[in-house]
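Here's the structure, in structure tokens; my notes come after.
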Amino acid sequence: MKIKVIMPITSDVFNEEIREEFKHYVGPHDSFDVENLDYGPASIESEFDEAMAIPDILNKVKKAQEDGFDGVIIDCFGDPGVNAARELVDIPVCGGFEPAMQIALGLGKNIGIVTVLPNVVSMLQDLISKMGIEKRVKSIRYVNIPVLDLGDKKKLEDALFNQSLEAIKNDHVQVVVLGCTGMMGMAHNLMKRLKEAGYDVPVVDPAFAAAMMVKNYVYMGLKHSRLTYMTPPVKPYKWWE
Numbered sequence: 006m007k008i009k010v011i012m013p014i015t016s017d018v019f020n021e022e023i024r025e026e027f028k029h030y031v032g033p034h035d036s037f038d039v040e041n042l043d044y045g046p047a048s049i050e051s052e053f054d055e056a057m058a059i060p061d062i063l064n065k066v067k068k069a070q071e072d073g074f075d076g077v078i079i080d081c082f083g084d085p086g087v088n089a090a091r092e093l094v095d096i097p098v099c100g101g102f103e104p105a106m107q108i109a110l111g112l113g114k115n116i117g118i119v120t121v122l123p124n125v126v127s128m129l130q131d132l133i134s135k136m137g138i139e140k141r142v143k144s145i146r147y148v149n150i151p152v153l154d155l156g157d158k159k160k161l162e163d164a165l166f167n168q169s170l171e172a173i174k175n176d177h178v179q180v181v182v183l184g185c186t187g188m189m190g191m192a193h194n195l196m197k198r199l200k201e202a203g204y205d206v207p208v209v210d211p212a213f214a215a216a217m218m219v220k221n222y223v224y225m226g227l228k229h230s231r232l233t234y235m236t237p238p239v240k241p242y243k244w245w246e
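Numbering (our numbering), first residue to last: 6 to 246.
In structure tokens:
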């Protein structure tokens, strides 16, 4: 199985870490390729950033299918361009949000998200509404750390722990979802620290969830429904090269 991991940003600050993490997500006979955008934002932290990223995301998704990849991961919790990409190609495409939330819904009743900045909260509320899970998501909190500063792992882990603890105590959260794919590698230690604090709750890593979801779709021979994601009408398109 060949999986294309599209980083929907121009910055390559996460690339090496992603390559190391994804070695644990794929099987011995699977392969993956990590690719950044050629143009767009350095990180996605607003609706504007997302809109700027989508054209080249679609370019990369289209090329991934042409190059024989079996599935695509758009490595962002905001799922930028996911629905458009599903219309465009005949291979499975997932972002971070939908797989993480689908997994979380099977692990507990009340879900909480801990994301990066207040700027993205309304974006996540829109995604929650589109999935129809407003009654299950009890909390959206943020660590107030910009995406490109998530490399300070100690600071990030402490902030995630504090915000998760508040969500559990005050918002009655029973499952924690990491609200940024740049928070990779945090889930295990966070679960351990929460358990030591008296709260045995699962923590869902969205990048891991996306990888597992795409792999399962490919193994099961499934792709997204053409009754939902209809192929765009035939017309001239000018693609950025």
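Yeah, the Cβ is synthetic: ideal placement off N, Cα and C, and Gly gets one too.
- Under a 10 Å Cβ-count criterion, S144 is classified as buried, with 16 or more other Cβ atoms of the shown protein chains found around its own Cβ.
- Here the alpha carbon of S48 sits roughly 28 Å from the alpha carbon of N221.
- Contact check for P85 against A58 passes: the beta carbons are separated by less than 8 Å.
- Annotation for M218: C99 and P104 place their beta carbon closer than 6 Å to its own, counting only its chain and skipping 5 residues before and after.
- T236 is classed as exposed because its beta carbon has fewer than 16 other beta carbons within 10 Å across all chains shown.
- The residue among R141, V148 and G113 with its C-alpha nearest the C-alpha of V125 is V148.
- At the C-beta level, I78 and A216 come within 8 Å of one another.
- The DSSP-derived three-state label of N41 is strand.
- Y222 sits in a helix when the DSSP states are folded into three classes.
- A distance of 8 Å or more separates the beta carbons of V121 and E55.
- In the structure shown, I59 adopts helical secondary structure according to DSSP, grouped into three states.
- The C-beta of S134 has fewer than 16 other C-beta atoms within 10 Å across all chains shown, which makes the residue exposed.
- The region 172 to 192 makes contact with the region 105 to 121; the number of CB pairs closer than 8 Å reaches 3 or more.
- According to the DSSP assignment, L183 belongs to the beta strand (DSSP E) that extends over V180 to L183.
- DSSP places R198 outside any beta strand (DSSP E); the residue lies instead in the alpha helix (DSSP H), whose first and last residues are A192 to E201.
- In the DSSP secondary-structure assignment, Y147 is bridged to T120.
- Counting only residues of its own chain and dropping the five nearest sequence neighbours on each side, G76 has a CB closer than 6 Å to the CB of I8, I96, P97, V219 and V223.
- K174 and P211 have their C-alpha atoms roughly 23 Å apart.
- Ranking T186, N194, L232 and K200 by CA distance to the CA of F27 puts T186 first.
- Apart from sequence neighbours up to five positions away, the residues of its chain that approach G83 with a beta-carbon distance below 8 Å are I49, E55, G100, G101, F102, V125, M128, L129 and L132, ordered along the chain.
- By the neighbour-count criterion, in which a residue is buried when 16 or more other Cβ atoms sit within 10 angstroms of its Cβ, M225 is exposed.
- A distance below 8 Å separates the beta carbons of M189 and E22.
- Per DSSP, reduced to three states, the secondary structure at V209 is strand.
- The Cβ atoms of L42 and D61 sit closer than 8 Å to each other.
- In this structure, V94 is the residue among V94, M136 and D80 with its C-alpha nearest to the C-alpha of G73.
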